[in-house]
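Trainee: Before I ask anything, here is the structure I am working with.
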Amino acid sequence: MNSQVKHFADCLLSGHQDAAWELLLEEIHAGKSSLEIYQQLITNALIYIGQLWEENRIKVADEHLASATCDFLLSRYFFYRQQDNKTQPANKKAMFFCLEQEQHYLGLKMASLLFEEQGWETRFLGPNLPLEYVLNMAESWRPDVIGLSFTTLYSADKLSMYIAALEELAHSPALLVGGRLIPKYDFSSDTSSSAIFIEKLEDIQRWMPIFVCGKDHHV
Amino acid sequence: MYAGRIIMSSIEFLPYPCFVVDQHLYIMERSQSSGFTFGPAMNFLELVDSESRKKAERLLKNGFKSAEGELKMATKDSPFSLFTVRINWHKEWGYIICTEKVQSLNDLIETVEKQRLRLSETNFELFEKKEALEESLRNIRELSGPFIKLSKQTALVPLFGTLDHLLIVQNEFRFTHEAAKGDYEQVIFDFHGVGDITEEGMGAFGQLISQLKLMGARSIVTGVKPQHAFVVNNAGVDIDASFIKSLRDAIKETIQ
Numbered sequence: 103m104n105s106q107v108k109h110f111a112d113c114l115l116s117g118h119q120d121a122a123w124e125l126l127l128e129e130i131h132a133g134k135s136s137l138e139i140y141q142q143l144i145t146n147a148l149i150y151i152g153q154l155w156e157e158n159r160i161k162v163a164d165e166h167l168a169s170a171t172c173d174f175l176l177s178r179y180f181f182y183r184q185q186d187n188k189t190q191p192a193n194k195k196a197m198f199f200c201l202e203q204e205q206h207y208l209g210l211k212m213a214s215l216l217f218e219e220q221g222w223e224t225r226f227l228g229p230n231l232p233l234e235y236v237l238n239m240a241e242s243w244r245p246d247v248i249g250l251s252f253t254t255l256y257s258a259d260k261l262s263m264y265i266a267a268l269e270e271l272a273h274s275p276a277l278l279v280g281g282r283l284i285p286k287y288d289f290s291s292d293t294s295s296s297a298i299f300i301e302k303l304e305d306i307q308r309w310m311p312i313f314v315c316g317k318d319h320h321v
Numbered sequence: 015m016y017a018g019r020i021i022m023s024s025i026e027f028l029p030y031p032c033f034v035v036d037q038h039l040y041i042m043e044r045s046q047s048s049g050f051t052f053g054p055a056m057n058f059l060e061l062v063d064s065e066s067r068k069k070a071e072r073l074l075k076n077g078f079k080s081a082e083g084e085l086k087m088a089t090k091d092s093p094f095s096l097f098t099v100r101i102n103w104h105k106e107w108g109y110i111i112c113t114e115k116v117q118s119l120n121d122l123i124e125t126v127e128k129q130r131l132r133l134s135e136t137n138f139e140l141f142e143k144k145e146a147l148e149e150s151l152r153n154i155r156e157l158s159g160p161f162i163k164l165s166k167q168t169a170l171v172p173l174f175g176t177l178d179h180l181l182i183v184q185n186e187f188r189f190t191h192e193a194a195k196g197d198y199e200q201v202i203f204d205f206h207g208v209g210d211i212t213e214e215g216m217g218a219f220g221q222l223i224s225q226l227k228l229m230g231a232r233s234i235v236t237g238v239k240p241q242h243a244f245v246v247n248n249a250g251v252d253i254d255a256s257f258i259k260s261l262r263d264a265i266k267e268t269i270q
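Put into structure tokens, the structure is as follows:
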């Protein structure tokens, strides 16, 4: 864990938005791409914060403050990037949400922003979304892609139910499943389906152009 | 066992989930209250969420010193509730007390969640308003260039508002399509209602005129104001059209 990641994590934990923003600006000025910033700085800082809890050095309340600070920074970062980077519209739509009772949404938010940066129209529905809301939104808005995320084995039990219901949608959107457990366990046996399991954010970056070209959907 | 009896009497009626464990965290005794919160278990670790177990072991064994920390535990109501767990070791026994953090933490989560939702709703509202606004703008641009039949040979297109690239691009298909359908010989573009003209707009307009010419219709531009003349001249585009000062003269000339 490099010192910059620790510094960034400390800023998040203490709610120092401005200091954290300075660090993000340094990364932008160093020519880092969004994917690099999301993976190397932000995701690693969040993993480090999780470790601090494991080591009993912080409390869950501290984690919540860090999440809220990080959420704000992501929105600010994206807005900043969009100022001088006007991408052509991709004429594609993607919708993102976390399974019911799942509160960890920052990874999914970064995924959503990667899509938006490529000119996709996105809707980020956030944490803890019951299936009926997801289905209503999916039926009326008809996204090309639906991305869902979970981080606990308890939420994983519901995965197959969500996937089965989303596969029934008449317009057959592509389904992406992400979350920190994906590289650790094989969930494909829980789902009958064509759902694509995303282990890292860079998988999304690789998958997106392939999907847009209408070729093989698998990463 | 003598020690066991002493332990039992010391914790049974405490108003919190309390446990006495051995050095391997096997439960030797528990308070009545723990039975209301947790299910049965032989070892204290069975009550801890599987992903918190390593932390629990480190925290509770910790050289058999007193310790305090947060653990996610499986209760009768929820597979992972957050508890503050405190342990105190005396001789070979560990005395554990568990306090649920539900209320204070849920209040915090709810407040943060409400803030987040309000922000995202505002986002969606703004987003939807922006979409509606863009749609209105498209409609306005379409209405800013009606294609009017004056005679069998002549059509009139009065342009309104800013003559920019979008105004032409959005309407050029309709103009060329109408011109081809009516087989017109000339199309009069009237600039009386035009405010500003951009260079890109003039470029696109020049291309439109060329397309019409290829289809056999010549273009006439009327109503060019002095402030337009500068842009029209300096746009670096060759506008292949006749310029007539007033619309009345153009109509008089073409419809005879």
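Listed in order, the protein sequences are those of chains A and B.
So my numbering is basically just the index in the first sequence, starting at one, shifted up by 102.
So my numbering is basically just the index in the second sequence, starting at one, shifted up by 14.
Glycine included, every Cβ here is placed at the ideal spot set by N, Cα and C.
Keep in mind that this is a model prediction, so the values were computed, not measured.
In chain A, what lies closer than 7 angstroms to B:V126 by C-beta?
Mentor: Per Cβ cutoff of 7 angstroms: H166, A170.
Trainee: Would you be able to state if there are at least three C-beta pairs under 8 angstroms between the stretch 146-155 of chain A and the stretch 211-223 of chain A?
Mentor: No, because fewer than three Cβ pairs between the stretch 211-223 of chain A and the stretch 146-155 of chain A fall closer than 8 angstroms, the two stretches do not touch.
Trainee: Give the residues of chain B in contact with A:E156, contact being defined as C-beta atoms less than 8 angstroms apart.
Mentor: K68, K69, listed in chain order.
Trainee: Straight-line CA distance for B:S48 to A:L255?
Mentor: Whole-angstrom Cα-Cα distance: 25 angstroms.
Trainee: Is B:I101 close to chain A? Criterion is C-beta to C-beta, closer than 8 angstroms.
Mentor: Chain A contact via Cβ: absent.
Trainee: Let me know if B:D210 comes out buried or exposed under the rule of 16 or more other beta-carbons within 10 Å of its beta-carbon.
Mentor: Answer is exposed; the Cβ neighbour count stays below 16.
Trainee: Just grab the DSSP bridge partners of B:S256 for me.
Mentor: Its beta-bridge partners are B:I234.
Trainee: Give the straight-line distance between the Cα atoms of B:S1 and B:N76, rounded to the nearest whole angstrom.
Mentor: No answer is possible for residue 1 of chain B: it lies beyond the span of chain B, which begins at 15 and ends at 270.
Trainee: So what's B:T212 in DSSP terms, helix, strand or just coil?
Mentor: Residue state, collapsed to three classes: coil.
Trainee: Relative to the C-alpha of A:G75, which residue among A:T253, A:R225, A:Q184, A:L231 is closest?
Mentor: The requested residue 75 of chain A is not part of the displayed model; chain A covers only 103 to 321.
Trainee: Can you confirm whether A:G228, when its beta carbon is compared against all beta carbons of chain B, has any partner nearer than 8 angstroms?
Mentor: Interface residue, yes.
Trainee: Starting from the N-terminal side, write out each stretch of the beta strand (DSSP E) that is 3 residues or longer and does not extend beyond the stretch 259-283 of chain A.
Mentor: Entirely contained in the stretch 259-283 of chain A, the beta strand (DSSP E) runs reaching 3 residues are, in chain order, 276-280.
Trainee: Taking DSSP's pairing of strands, which residues face B:A81 in a bridge?
Mentor: According to DSSP, which records beta bridges pairwise, B:A81 is partnered with B:I101.
Trainee: Would you mind sorting B:N153 into buried or exposed? The rule is 16 or more other CB atoms within 10 Å of its CB.
Mentor: Counting Cβ neighbours within 10 Å, B:N153 comes out exposed, since fewer than 16 surround it.
Trainee: Can you name, in chain order, every residue of its own chain whose Cβ lies under 6 angstroms from the Cβ of A:H206, other than the five neighbours on each side?
Mentor: These residues qualify, in order along the chain: T253.
Trainee: Using 8 angstroms as the threshold, is the C-beta distance between B:E106 and B:D63 below it?
Mentor: No. Outside cutoff.
Trainee: Roughly how many angstroms lie between the CA atoms of A:L70 and A:A163, to the nearest whole one?
Mentor: It is not possible to answer for residue 70 of chain A, since the shown part of chain A is limited to 103 through 321.
Trainee: Any beta carbon from chain E within less than 8 angstroms of A:Y256's own beta carbon?
Mentor: Here the protein chains are A and B, and chain E is not one of them.
Trainee: My output table needs one value for B:P29: the three-state DSSP class, helix, strand or coil.
Mentor: It is coil, neither helix nor strand.
Trainee: Put A:S291 into one of helix, strand or coil per three-state DSSP.
Mentor: DSSP places A:S291 in helix when its eight states are reduced to three.
Trainee: Closer than 8 angstroms by beta-carbon distance: list the chain B residues that pair up with A:D173, in chain order.
Mentor: By Cβ distance, chain B contributes R130.
Trainee: Closer than 7 angstroms by C-beta to B:N120: which residues in its own chain qualify, once you throw out the five before and the five after it? Chain order, please.
Mentor: Excluding residues within five positions, none has a Cβ falling inside 7 angstroms.
Trainee: Name the two residues that bound the continuous beta strand (DSSP E) containing A:K195.
Mentor: Segment 195-200, the beta strand (DSSP E) holding A:K195.
Trainee: Tell me, please, whether the stretch 104-120 of chain A touches the stretch 182-199 of chain A by the rule of three or more beta-carbon pairs shorter than 8 angstroms.
Mentor: At 8 angstroms Cβ cutoff, the stretches do not touch.
Trainee: Provide the residue span of the alpha helix (DSSP H) that contains A:E218, from first to last.
Mentor: Here the alpha helix (DSSP H) through A:E218 covers 208-219.
Trainee: Cβ of B:Y30 versus every heavy atom of the ligand PLP: is any distance shorter than 7 angstroms?
Mentor: This structure simply doesn't include the ligand PLP, nor any ligand for that matter.
Trainee: Per DSSP, which one or two residues make a beta bridge with B:A169?
Mentor: BP columns for B:A169 point to B:K163, B:V201.
Trainee: Helix, strand or coil for B:I110 per DSSP?
Mentor: Correct three-state label for B:I110: strand.
Trainee: Let me know the secondary structure DSSP gives B:E206 once reduced to three states.
Mentor: The displayed chain sequence assigns His, not Glu, to residue 206 of chain B. Three-state result, B:H206: strand.
Trainee: A:L167 and A:G117: beta carbons closer than 8 angstroms?
Mentor: Yes, these two residues count as a Cβ contact at 8 angstroms.
Trainee: With burial defined as no fewer than 16 other Cβ atoms inside 10 Å of the residue's Cβ, what is the status of A:W243: buried or exposed?
Mentor: With fewer than 16 other Cβ atoms within 10 Å, it is exposed.
Trainee: If contacts are defined as beta-carbon pairs under 8 angstroms, then B:A193 and B:A218 qualify, I think. What distance do you get, rounded to the angstrom?
Mentor: With 8 angstroms as the limit, B:A193 and B:A218 do not qualify as a contact, their Cβ atoms being about 16 angstroms apart.
Trainee: So with CB distances below 8 angstroms, who are the chain A contacts of B:L222?
Mentor: Residues of chain A passing the Cβ test: none, with the nearest at roughly 23 angstroms.
Trainee: Using DSSP bridges, identify the partner residues of B:L177.
Mentor: B:I211.
Trainee: Assuming B:I234 and B:I269 form a contact by the criterion Cβ under 8 angstroms, report the distance between their Cβ atoms to the nearest whole angstrom.
Mentor: B:I234 to B:I269, Cβ: 12 angstroms. No contact.
Trainee: Cβ closer than 8 angstroms: which chain A residues qualify as neighbours of B:L122?
Mentor: Those are A163, H166, listed as they occur along chain A.
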